[in-house]
Every structure is written in structure tokens, then in C-alpha cells.
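Enquirer: I'd like to ask some things about the structure below.
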Amino acid sequence: MTTRAGTTPAVLLVVVGLACQEVGASLAVLLFPTVGPLGMVMLRLVFSAVLLLLIARPAIRGHSRSDWTGVVWFGVVLATMNALFYLALERLPLGVTVTIEVLGPLALSIVAARRASAWLWALLALVGVVSLGGGGWDRLDPLGVVFALGAAASWAFYILASARVGRAFPKLDGLALAMTVGAVIALPFGIADAGTALLRLEIVALGAAVAVLSSTIPYALELVALRRLPAAVFAILMSLAPATAAIAGFVFLGQHLTWPEIVGICLVIAASIGAVLSSARAAREAAEPLA
Numbered sequence: 338m339t340t341r342a343g344t345t346p347a348v349l350l351v352v353v354g355l356a357c358q359e360v361g362a363s364l365a366v367l368l369f370p371t372v373g374p375l376g377m378v379m380l381r382l383v384f385s386a387v388l389l390l391l392i393a394r395p396a397i398r399g400h401s402r403s404d405w406t407g408v409v410w411f412g413v414v415l416a417t418m419n420a421l422f423y424l425a426l427e428r429l430p431l432g433v434t435v436t437i438e439v440l441g442p443l444a445l446s447i448v449a450a451r452r453a454s455a456w457l458w459a460l461l462a463l464v465g466v467v468s469l470g471g472g473g474w475d476r477l478d479p480l481g482v483v484f485a486l487g488a489a490a491s492w493a494f495y496i497l498a499s500a501r502v503g504r505a506f507p508k509l510d511g512l513a514l515a516m517t518v519g520a521v522i523a524l525p526f527g528i529a530d531a532g533t534a535l536l537r538l539e540i541v542a543l544g545a546a547v548a549v550l551s552s553t554i555p556y557a558l559e560l561v562a563l564r565r566l567p568a569a570v571f572a573i574l575m576s577l578a579p580a581t582a583a584i585a586g587f588v589f590l591g592q593h594l595t596w597p598e599i600v601g602i603c604l605v606i607a608a609s610i611g612a613v614l615s616s617a618r619a620a621r622e623a624a625e626p627l628a
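Written out as C-alpha cells, the structure reads:
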């Protein structure tokens, strides 16, 4: 009874975090005509960095050159991933963009599984992505698809870079420092894209809201949930991101999806869940002592 009581709120925390993240993405799309996608990236990273620095107050001393190299690499990945994601959002529906982006961690799960059956999930994901074309890939902006695939690859690198920095820095210290590096990288591109719009207080305030919704709240809720949920369960819940993105795109942006696109999203979600379960099973088997 105690486990169930602790697990259910944790599941709700993950779902609320996903909802906040996609609401933040929807708000970002609405700001594109004013500040541009790269301006939005800059606002999100700058405010996320400021908030994380205030919360974490990371220690600067006591770290090796290798640790700082990891932080810089993590910051580059953060800036690249966010830039490619928002550039894709400018050209593709939110649900489609997130579905393609999920292919990055999905590929890592399949590789981590180290079993032939895992490639069945890769095939299912491929069928899902093809279905996203809605009967014809000409409906989707080719450059947008390229940006989304780049965001997927960046997400895979994000997971690897995050693990490296997490081992070297306690709590949120590494993320706060990496986010600061990412914000510095995004600054000149964002200023060039947004221009004088950055002088408008309401635009800056909305940019701060996107940072809170897309980064601060989800990160906080996920950290709490991870203390109460098995890693495999958490990963499965995160696989629902394409569905929450599609719903947010429909509700806030009026983005209607065709039935083939909906089927494609469901197939990618199913492939993600299958790959996570397969990877978790492989990890358990590797940890078991040989008889």
C-alpha cells in the first residue's frame, strides 16, 4: 500500500512536468513571429541558467580540467539541441517534431539493450516515422525534418553528456554551469534573431515564462519523481512526450494531425516503451551472477 501511495503521486509529477514542457513549447511557437526561434532559444537558456544558478549555487573550485571540459561539451549540446528543436518547431507541428526528436533516446535504449529483439522496436519506430508523413512526406517541410532529426541526435548526446557531468558535479551544479555555457553560446545568435524585440518588457517576461515552464518546473518535478520511481518506469512515462506534445499543439496552436500521423506517434511511443523494457531486462540479466 505504501509503495502504491508513493508511486501514484510520482507518476502524476512526471505527467504534469511533461504537460508544462509542451505548454512552454507552445508558448515559444507563439513568440516566433516576434523574436524568432533563435531568439527564443536565447531567452529560454538565459533565464534557465539564471534560475538554476540561483537554486544550485554551484561551487567553482575543486574540479579537474576534464570535469570542465565535460561542462563545456554539455553546454554546447544544450545550445545545439534547443536551437535545432525550435528551428524544427518553426516548420513542423509540435507533435511531429517531438516524435522525431524522441528517436534519439530511443536509439540509445535499443543499443543499450544489446539483443536482437531490440531491433524489432527500431523497425516499429521506423514504421511510425514513415507514417508521420500522413500518406506523403511532401506534407512535411524537409528542412524541418532535418532539424528535428538533428535535435534527436543532440538529445542522445545530451543524455551521454548529462551522465558524465552528473558523475563529476553534485546535485544540479553541473546542469547549472552547462546551462550557463549554453546561454553564452546562444546569446549572439539570439540577439541577431530577436533584435529590438528584446527591449520589450512583455516579450522578455514571456521568455522567462517559457524557461520556467519548459525547464525549471519539469526538471524539479522529474528530480522528485526519480526518487520514488524505478528508472525504467520513469523512462516509459517520458516516452509519452509525443502524445502530450500533439495534444498541446492541438489545444494551444490549433495544429490538427491526420490519422496516419496519429498512428505514427502511437507507434513511436510503443517502440520507445518496448525499447526501455528490453534495455531494463538486459541490464537486470547482466547484473545477475552466473550460476
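Start counting at 1 in the sequence shown, then tack on 337, and there's your number in my numbering. Using N, Cα and C, we set each Cβ at its ideal position, and we do this for glycine too.
What are the boundary residues of the alpha helix (DSSP H) that includes Arg537?
Expert: Position 200 of the sequence shown, counted from the first residue, corresponds to residue 537. Arg537 -> no alpha helix (DSSP H), and no H or E assigned at all.
Enquirer: Assuming Ile397 and Leu509 make a contact with CB atoms under 8 Å, what is their CB distance in whole Å?
Expert: Here the question's residue 397 lines up with position 60 in the sequence shown. Here the question's residue 509 lines up with position 172 in the sequence shown. The Cβ separation is near 14 Å, so there is no contact.
Enquirer: Under 8 Å, do Gly412 and Ala490 count as touching if we go by C-beta distance?
Expert: Your numbering for residue 412 matches position 75 in the sequence shown. Your numbering for residue 490 matches position 153 in the sequence shown. Not closer than 8 Å, so no.
Enquirer: Check whether the Cβ atoms of Gly511 and Gly519 sit closer than 8 Å, and answer yes or no.
Expert: Position 174 of the sequence shown, counting from 1, holds the residue named residue 511. Position 182 of the sequence shown, counting from 1, holds the residue named residue 519. No, Cβ-Cβ distance for Gly511 and Gly519 is not below 8 Å.
Enquirer: What is the rounded straight-line gap between the Cα of Gly586 and the Cα of Ala444?
Expert: Working through the sequence shown from its first residue, we reach residue 586 at position 249. Working through the sequence shown from its first residue, we reach residue 444 at position 107. C-alpha separation (whole angstroms): 25 Å.
Enquirer: Run the CB neighbour count on Pro284, radius 10 Å, all protein chains shown included, and call it buried at 16 or more, exposed below.
Expert: Because the chain in this structure spans residues 338 to 628, residue 284 falls outside the shown range and cannot be described.
Enquirer: Does DSSP put Phe494 in a helix, a strand or coil?
Expert: Residue 494 sits at position 157 when you count from the first residue of the sequence shown. DSSP places Phe494 in helix when its eight states are reduced to three.
Enquirer: Determine the direct distance from the alpha carbon of Val448 to that of Ile496, and round the result to whole angstroms.
Expert: What you label residue 496 is simply residue 159 of the sequence shown in a count that begins at 1. What you label residue 448 is simply residue 111 of the sequence shown in a count that begins at 1. Looking at the two C-alpha atoms, the distance is approximately 14 Å.
Enquirer: Can the beta-carbon of Ile528 be found less than 8 Å from the beta-carbon of Ser576?
Expert: Here the question's residue 528 lines up with position 191 in the sequence shown. Here the question's residue 576 lines up with position 239 in the sequence shown. Cβ distance not < 8 Å, so Ile528 and Ser576 don't count as in contact.
Enquirer: For Glu427, which residues in the same chain have their Cβ closer than 6 Å to its Cβ, ignoring the five residues on either side in sequence?
Expert: The residue labelled residue 427 in the question sits at position 90 within the sequence shown. These residues qualify, in order along the chain: Phe369 and Pro374.
Enquirer: What does the Cβ neighbour count give for Pro507, buried or exposed, with the cut at 16 atoms within 10 Å?
Expert: The residue you call residue 507 lines up with position 170 of the sequence shown. The residue in question, Pro507, is exposed, as its Cβ has fewer than 16 Cβ neighbours within 10 Å.
Enquirer: Output the residue ranges of the beta strand (DSSP E) runs that lie fully inside the stretch 389–417 and measure 3 residues or longer, sorted by chain position.
Expert: Scanning the stretch 389–417 for uninterrupted beta strand (DSSP E) segments of 3 residues or longer gives nothing; none is fully contained.
Enquirer: Tell me the DSSP secondary structure of Leu463 in three-state form.
Expert: Along the sequence shown, one-based indexing puts residue 463 at 126. In this structure, Leu463 counts as helix in the three-state DSSP scheme.
Enquirer: Output the boundary residues of the alpha helix (DSSP H) element that contains Glu559.
Expert: In the sequence shown, counting from the first residue as 1, residue 559 sits at position 222. From DSSP, the alpha helix (DSSP H) with Glu559 extends over Ile554 to Leu563.
Enquirer: For the alpha helix (DSSP H) containing Leu431, list its first residue and its last residue.
Expert: Locating residue 431 in the sequence shown gives position 94, counting from the first residue. Leu431 to Glu438 is the span of the alpha helix (DSSP H), which, as asked, contains Leu431.
Enquirer: Distance, Cα to Cα, Leu469 vs Ala582?
Expert: One-based indexing of the sequence shown puts residue 469 at position 132. One-based indexing of the sequence shown puts residue 582 at position 245. Each residue's CA atom was taken as its position, placing Leu469 and Ala582 some 14 Å apart.
Enquirer: In whole angstroms, what separates the C-alpha of Ser616 from that of Pro430?
Expert: If you number the sequence shown from 1, residue 616 lands on position 279. If you number the sequence shown from 1, residue 430 lands on position 93. Those two C-alpha atoms are separated by around 30 Å.
Enquirer: Would you report the Cα separation of Ala347 and Arg565, rounded to the nearest angstrom?
Expert: For the purposes of this step, residue 347 is taken as the residue at position 10 of the sequence shown. For the purposes of this step, residue 565 is taken as the residue at position 228 of the sequence shown. Going from the Cα of Ala347 to the Cα of Arg565 covers about 6 Å.
Enquirer: To the nearest angstrom, how far is it from the Cα of Trp456 to the Cα of Ala365?
Expert: For the purposes of this step, residue 456 is taken as the residue at position 119 of the sequence shown. For the purposes of this step, residue 365 is taken as the residue at position 28 of the sequence shown. Cα to Cα, the separation comes out at about 35 Å.
Enquirer: Whose C-beta lies closer than 7 Å to the C-beta of Ala342 among residues of the same chain, with five residues either side of it excluded?
Expert: The count along the sequence shown starts at 1 and reaches residue 342 at position 5. Confidence at Ala342 is low in this model, with a pLDDT of 48, below 50, so the placement of that residue should be treated as unreliable; the coordinate-derived value is given next. No residues qualify anywhere along the chain.
Enquirer: Quick check on Phe369: does DSSP put it in helix, strand or coil?
Expert: Reading the sequence shown from its first residue, position 32 is the one you call residue 369. Helix.
Enquirer: Could you check what DSSP says for Gly586 in three-state terms: helix, strand or coil?
Expert: Within the sequence shown, numbered from 1, the residue matching residue 586 stands at position 249. Note: Gly586 maps to helix in three-state DSSP.
Enquirer: Between the beta-carbon of Leu486 and the beta-carbon of Val353, is there less than 8 Å?
Expert: Reading the sequence shown from its first residue, position 149 is the one you call residue 486. Reading the sequence shown from its first residue, position 16 is the one you call residue 353. Taking a C-beta distance under 8 Å as the contact criterion, Leu486 and Val353 do not qualify as a contact pair.
Enquirer: Determine the DSSP secondary structure at Gln358, reduced to helix, strand or coil.
Expert: In the sequence shown, counting from the first residue as 1, residue 358 sits at position 21. In the structure shown, Gln358 sits in a helix (DSSP, three-state: H, G or I).
Enquirer: Taking Leu650 as part of the alpha helix (DSSP H), name the residues at either end of that continuous run.
Expert: Any question about residue 650 goes unanswered here, given that the chain covers just 338 to 628.
Enquirer: Judging by CA-CA distance, which residue of Val561, Val547 and Trp458 is the nearest neighbour of Cys357?
Expert: Walking along the sequence shown from the start, residue 357 turns up at place 20. The shortest CA-to-CA distance from Cys357 to any of Val561, Val547 and Trp458 is the one to Val547.
Enquirer: Smallest Cα separation from Met377: which of Pro395, Ala425 and Leu390?
Expert: Counting from one through the sequence shown, the residue named residue 377 turns up at place 40. Looking at the Cα atoms, Ala425 is the closest of the given residues.
Enquirer: With the cut-off set at 8 Å, would you say Leu355 and Ala562 are in Cβ contact?
Expert: For the purposes of this step, residue 355 is taken as residue 18 along the sequence shown, with counting starting at 1. For the purposes of this step, residue 562 is taken as residue 225 along the sequence shown, with counting starting at 1. It is not a contact, given that the beta carbons lie outside the stated cut-off.
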